[in-house]
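One point on numbering: in our numbering, the residue at position 71 of the sequence shown is 71, and numbering is uninterrupted. Working notes, structure below.
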Amino acid sequence: MENVIKLPINRIIAITAVTIAVASVYASQQRVGVMQSEIEVIKASAVPIKDVQIMRWEGNIQRFRSNIDELETHLLVESTLKNYDT
């Protein structure tokens with residue numbers, strides 16, 4: 001038991017927060033890819049989908065991308081601050 005690494009609680013919280021944020025970015029990127037694929041399939045098919053619905057989906061994609069950018073910026077700032085903290 002002497003080889004146990006002890007981390008301060010704020011480090012554990014920071015590591016957990018970054019892990020969750022990275023997973024969220026990855027999941028959002030995957031969702032954007034799926035949504036884009038669905039739109040392309042619908043546009044190529046003979047299914048009559050209203051352009052308004054496609055525009056909504058494309059708007060959702062833009063929101064996901066904005067969220068991804070915001071999370072990535074937050075992660076960059078956090079990692080920069082952590083480097084100065086150590």
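In this text, a Cβ means the ideal position worked out from N, Cα and C, and glycines have one as well.
Asked	Found
Residue range of the alpha helix (DSSP H) that includes Ser28	Ile9 to Ala44
CB contact flag (Ile68, Val22, <8 Å)	no
Gln62 versus Thr73 - alpha carbon distance	16 Å
Closest residue to Asn60 among Ile39, Arg11, Lys50 and Ala44 (Cα-Cα distance)	Ile39
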